[in-house]
Amino acid sequence: MTDTATIDPTTVLTVTAVAAERVRKLLATQDEAKAIRVGVRQMGCSDMSYTMDFAQGRTDGDIIVERDGVSLFVDPEAIPYIKGSELDWVEEKLASRFVFNNPNVVGACGCGESFKIAEQD
1 MTDTATIDPT
11 TVLTVTAVAA
21 ERVRKLLATQ
31 DEAKAIRVGV
41 RQMGCSDMSY
51 TMDFAQGRTD
61 GDIIVERDGV
71 SLFVDPEAIP
81 YIKGSELDWV
91 EEKLASRFVF
101 NNPNVVGACG
111 CGESFKIAEQ
121 D
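Residue numbers are given in the numbering used here: position 39 of the sequence shown equals residue 39, and the series is strictly consecutive.
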């Protein structure tokens, strides 16, 4: 597990103003959720996939990323995979979605559901 006590949250994940506003709107639809938890899981043809879930509270070790009054909790196990990423909200003609602009990605599947990062030392 990553020691999160000395990690600057802004080096793990930044959130655009548009993404923060979308998180605010999503949280307003929930009775008990206080934040969005961001993580990763092994899945897909490339290796890993991002996860985003409503969170009622912080879990030990979570990194708290705040922007414009909303909070995201980053699972410490996800840090090596998303460190330095930006979370954005993209609206297109036929689809709207959160997008991770991740500098660690060295490959992704064709559908965009999973990604691979360079091997860690």
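All residues carry an ideal CB built from backbone N, CA and C; glycine is no exception.
DSSP state of residue i mapped onto helix, strand, coil
{"i": "residue 58", "result": "coil"}
With 16 other Cβ atoms within 10 Å as the buried cut-off, status of residue i
{"i": "residue 28", "result": "exposed"}
{"i": "residue 97", "result": "exposed"}
{"i": "residue 118", "result": "exposed"}
{"i": "residue 90", "result": "exposed"}
{"i": "residue 103", "result": "exposed"}
Span of the beta strand (DSSP E), counted from its first residue to its last, around residue i
{"i": "residue 94", "result": "No beta strand (DSSP E) holds residue 94; DSSP gives it neither H nor E."}
{"i": "residue 66", "result": "63-67"}
Residue i to residue j span [Cα, whole Å]
{"i": "residue 116", "j": "residue 36", "result": "23 Å"}
{"i": "residue 49", "j": "residue 41", "result": "5 Å"}
{"i": "residue 74", "j": "residue 95", "result": "25 Å"}
{"i": "residue 13", "j": "residue 72", "result": "9 Å"}
{"i": "residue 84", "j": "residue 100", "result": "10 Å"}
{"i": "residue 93", "j": "residue 21", "result": "19 Å"}
{"i": "residue 60", "j": "residue 15", "result": "22 Å"}
Residue i versus the options, residue with shortest Cα-Cα distance
{"i": "residue 18", "options": "104, 93 and 86", "result": "86"}
{"i": "residue 65", "options": "107, 95, 39 and 106", "result": "39"}
{"i": "residue 9", "options": "62, 32 and 55", "result": "62"}
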